[in-house]
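Just add 2 to the spot in the first sequence (first one is 1) and you have my numbering.
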Amino acid sequence: MSEIRVQIRHDEGEARARNVTEGTTAADVLGGDRSVIAARVDGTLRDLSHPVQDGNLVEPVLASSEDGLAIIRHSCAHVMAQAVQELFPSARLGIGPPIKDGFYYDFDVDRPFAPEDLVRIEERMRAIVQTRQLFARREVSDEQAREELATEPYKLELIGLKGATASHDDMMSVEVGADTLTIYDNIDPANGQVAWKDLCRGPHLPSTRHIPAFKLMRSAAAYWRGSEKNPQLQRIYGTAWESKGSLANYLHLLAEAEKRDHRKIGKDLELFHFDPTAPGMPYWLPKGLRVLNNLLAFWREEHEERGYQEISTPLVNNKRLWEISGHWDHYRDNMFIIDNDDEEPSYALKPMNCPSAMIVFNLKTRSYRDLPLRLSDCDPLHRNERSGTLHGLLRVQKLQQDDAHIFITPDQIHEEFQRIFDIADRFYKIFDLDYKFRLGTRPESYIGDAETWESAEATLLSILDARTGGDYEVENGGGAFYGPKIDILMSDALGRPWQMGTIQLDFQLPRRFGCVYTDEHGQRQTPVVIHRVIYGALERFLGIYIEHTAGAFPLWLAPVQVSIIPVAPEYVEYAHKVADALHHAKVSVELDARNETLGMRVRVAQQQKVPLMLVLGAREAQSGTVSVRRRGERTLTTMDLGLFVDRVASAVRARVDVELPPDAG
RNA sequence: GCCGCCUUAGCUCAGUCGGUCAGAGCGGCUCACUCGUAAUGAGCAGGUCCGGGGUUCGACUCCCCGAGGCGGCUCCA
């Protein structure tokens, strides 16, 4: 046999050359380390059984690496599909890719899976893992694949889409790439028989015994190839890890994340309520509204400083307005329409503020000297969402955006965008939130001409490139119907992404509403409008922020900033004096003089996430001091009442944490 | 909108394979204790078992319809 020469590299270190005989596999080259479950050959992930070629650079893929976990999860998806088809012979296969923290597989089945089915499937999977089936890769022609998969209509459809899918849909391309089709056989080592097989690009684990830990999570319906027009398949989600410890750790993290759920915290802290009579439309309770008002007060200060002028406009408009704006044709399904049988025309609750801003712009003749004209509008909006899409505060039907419409000349676009990005930076830094950008381009349903759209998209692209150095996503077709947009995304406690702020470029609405300004040559011009929100919807922002902080708001935002706990009834009088002093200094106080033990009342304040607690007894009453306990800390500080009031009040005003003297006992 | 699951006291949840089983803890109220930094003790009150139909001698329990919620899909701030 002839010799070939390969390079082997471990841990990003120096590559070392080695001579091996032809036909040597990646596994042979990399040695018998059990934590190596695949190979990267010249940068491409391969099975360990892949024969290396002369000149290849071969690197190990560890089970615990990101690629390794994806392979474990992908192989686990196969095991699940095999179990499902063994238990439900009529089940037909959809696709089964690895995803963040796990995998799923879609099936066309006679009836949806019940929770008990998942238990049975999981048991069968454990049995399959026990048998140590081998994953064997085999290249097949299109014809051969069609023949072997004749009973799998969805796989046949994928074969027909081969090549076209790779660029369009990552999930589909897991099954078929652009090149030769491959089938993975699961071989039972006991008898050498093929126990199961699936059309798949791979790579896969050497055998099922390399799946150390997995768990099925839930089942749900999902449209075939992600389109509502297609039939629904039944999807089972699972998770898989390189060790039992990692699985346990992941499940623990999930449980912890659930405790941060803003819906639970909102109830515990009495922030808001959803009533069955108003789905998706929050009742703001006193404490929740206080937080919301604090957010808005901060927002107003910052925006007035930056030249924004706030307006408020009608909640209900005649449908004529929505016809002019295009909402009637492009957004009607999401609008609450008030239809009086005997009266023409209809009215609708506003789902967006933009048309009203156009009307305000048109109230005067405008000069280029008036631009940029920044009109903000935080009115409540109503959007009639499809049922099944609501989600606590994160997806509501009544919302308030920190909205603004900025009328500018075309050559002011770039600078105005920079100003908006600066505001976003300032806000998100204060709240310590992570975010990323996403560009949304022209959707299927749009107004205006393609050329204008393309130039607007190009403008946004160049701004984004300059701002982020290319660190952003592009969502084709993700724009608003009137223009392309840059969205700002954040994640909830479970890592699910949500669209928060958005900055949208609009050449269409000003034209539709006949907005004009006079330029420096006395010519009438149509302004460009930027629609922008920083918080996004206040409801969603607060929901995300609750999950981010687990309800432990910073001092300036907290609904109750100081909780006062007198040690015994005879000190209640002094406690009232302290409460009054704080109240007059515009600090939000709660006095807990209930007939409960001190420990109990401290505990309640702690659970209510009150930032500061004052315990008042004989010592304090006598010396005119307060004994301060910070949320989450056990160390106490005793300080003069007047000093404490000043410190807290100024910290609240400055929206910073309060500074207390070092521990004085 | 689609699929599945869920809905019992203010909250969190037991429970009945259809028959005095409507329960617990927390919370609330009352009383006692008068308390120094994450749960003092005792007693009392509190439920249209989501709503509407149906099956049955009998329905919180089974069936159908509806509402709301949860998890996804689709759609979006």
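The beta-carbon is built from N, C-alpha and C at its ideal position, and this holds for glycine as well.
Return the first residue and the last residue of the beta strand (DSSP E) that residue i is part of.
| i | result |
| --- | --- |
| residue 382 | 382-384 |
| residue 378 | 375-379 |
| residue 439 | 438-442 |
| residue 399 | Segment: none, residue 399 is in no beta strand (DSSP E) and carries neither H nor E. |
| residue 19 | 18-23 |
| residue 477 | 474-477 |
| residue 62 | 59-64 |
| residue 322 | Premise fails: residue 322 lies in the alpha helix (DSSP H), 321-327, not in any beta strand (DSSP E). |
| residue 592 | 591-593 |
| residue 187 | 183-189 |
Which residue from the options puts its Cα closest to that of residue i?
| i | options | result |
| --- | --- | --- |
| residue 181 | 164, 189, 195 and 629 | 164 |
| residue 467 | 453, 439, 490 and 483 | 439 |
| residue 194 | 98, 226, 133 and 247 | 133 |
| residue 514 | 524, 526 and 361 | 361 |
| residue 281 | 391, 358 and 239 | 391 |
| residue 352 | 71, 65 and 400 | 400 |
| residue 21 | 7, 11 and 15 | 7 |
| residue 154 | 224, 121, 199 and 118 | 199 |
| residue 649 | 602, 583, 598 and 609 | 583 |
| residue 387 | 517, 334, 497 and 160 | 334 |
| residue 510 | 498, 376, 563 and 453 | 453 |
| residue 575 | 594, 124 and 359 | 594 |
| residue 264 | 210, 543 and 105 | 543 |
| residue 432 | 556, 483, 473 and 517 | 556 |
| residue 115 | 224, 59 and 627 | 224 |
| residue 638 | 285, 359, 663 and 394 | 663 |
| residue 610 | 309, 641, 635 and 554 | 554 |
| residue 250 | 125, 313, 434 and 215 | 215 |
| residue 357 | 313, 558, 623 and 369 | 313 |
| residue 124 | 341, 592, 219 and 332 | 219 |
| residue 459 | 488, 471, 470 and 374 | 488 |
| residue 1 | 521, 283 and 302 | Beyond the ends of the chain as shown, which are 3 and 667, falls residue 1; an answer cannot be given. |
| residue 16 | 59, 86, 644 and 600 | 59 |
Looking at residue j and residue i, is the spacing between their C-beta atoms short of 7 angstroms?
| i | j | result |
| --- | --- | --- |
| residue 565 | residue 607 | yes |
| residue 415 | residue 207 | no |
| residue 213 | residue 74 | yes |
| residue 505 | residue 437 | no |
| residue 294 | residue 540 | yes |
| residue 425 | residue 536 | yes |
| residue 427 | residue 405 | no |
| residue 82 | residue 107 | yes |
| residue 444 | residue 481 | yes |
| residue 201 | residue 185 | yes |
| residue 562 | residue 654 | no |
| residue 465 | residue 419 | yes |
| residue 680 | residue 448 | Missing from the structure shown is residue 680; the chain here goes from 3 to 667 and no further. |
| residue 500 | residue 396 | yes |
| residue 65 | residue 105 | no |
| residue 111 | residue 236 | yes |
| residue 147 | residue 183 | yes |
Considering residue i, what are the terminal residues of the alpha helix (DSSP H) in which it resides?
| i | result |
| --- | --- |
| residue 288 | 288-307 |
| residue 413 | Neither: residue 413 is in no alpha helix (DSSP H) and is coded neither H nor E. |
| residue 609 | 600-609 |
| residue 449 | Here residue 449 belongs to no alpha helix (DSSP H), and DSSP marks it neither H nor E. |
| residue 42 | First-last for residue 42: 38-43, but that is the beta strand (DSSP E), not the alpha helix (DSSP H). |
| residue 484 | Run containing residue 484: none; DSSP gives neither H nor E here. |
| residue 313 | That residue, residue 313, is in no alpha helix (DSSP H); it is neither H nor E in DSSP. |
| residue 5 | Segment 5-10 is the beta strand (DSSP E) holding residue 5; no alpha helix (DSSP H) there. |
Considering only heavy atoms of the ligand GTP, does any lie closer than 6 angstroms to the CB of residue i?
| i | result |
| --- | --- |
| residue 400 | As for the ligand GTP, it is missing from this structure, which has no ligand bound. |
Check whether the stretch 564-574 touches the stretch 316-326, taking contact to mean three or more Cβ pairs, one atom from each stretch, closer than 8 angstroms.
The stretch 564-574 vs the stretch 316-326: no contact.
Which runs of the beta strand (DSSP E) spanning at least 3 residues fall entirely within the stretch 489-520, listed in chain order?
Those beta strand (DSSP E) runs which fall completely within the stretch 489-520 and span 3+ residues are 499-508.
Is it the case that the stretch 17-29 contacts the stretch 47-57, given that we only count it when at least three CB pairs across the two stretches are under 8 angstroms?
Using a C-beta cut-off of 8 angstroms, the stretch 47-57 makes contact with the stretch 17-29, since at least three inter-stretch Cβ pairs fall below that distance.
Start-end ranges of the alpha helix (DSSP H) lying completely within the stretch 67-152, minimum 4 residues
Counting whole runs of 4 or more residues, the stretch 67-152 contains the alpha helix (DSSP H) stretches 68-89, 117-132 and 144-150.
Are three or more beta carbon pairs between the stretch 525-537 and the stretch 407-426 nearer than 8 angstroms?
Yes, the stretch 525-537 touches the stretch 407-426.
Can you give, in chain order, each stretch of the alpha helix (DSSP H) that sits fully within the stretch 619-645 and has at least 4 residues?
DSSP runs (the alpha helix (DSSP H)) wholly in the stretch 619-645: 620-625.
Unbroken stretches of the beta strand (DSSP E), 3 residues or longer, contained in the stretch 546-589
Taken in chain order, the unbroken stretches of beta strand (DSSP E) that lie wholly in the stretch 546-589 and span 3 residues or more are 564-568.
Complete runs of the alpha helix (DSSP H) confined to the stretch 202-276 [at least 4 residues]
You should have 246-261 and 264-270.
Would you say the stretch 65-79 touches the stretch 236-256, given that touching needs at least three Cβ pairs under 8 angstroms?
The stretch 65-79 vs the stretch 236-256: in contact.
Under 8 angstroms, with one C-beta from each stretch per pair, do the stretch 251-263 and the stretch 220-234 reach the 3-pair mark?
Under the 8 angstroms Cβ criterion, the stretch 251-263 does not count as touching the stretch 220-234, having fewer than three qualifying pairs.
Kindly provide the ranges of any beta strand (DSSP E) runs that are 3 or more residues long and lie completely inside the stretch 329-369, ordered along the chain.
Taken in chain order, the unbroken stretches of beta strand (DSSP E) that lie wholly in the stretch 329-369 and span 3 residues or more are 349-351.
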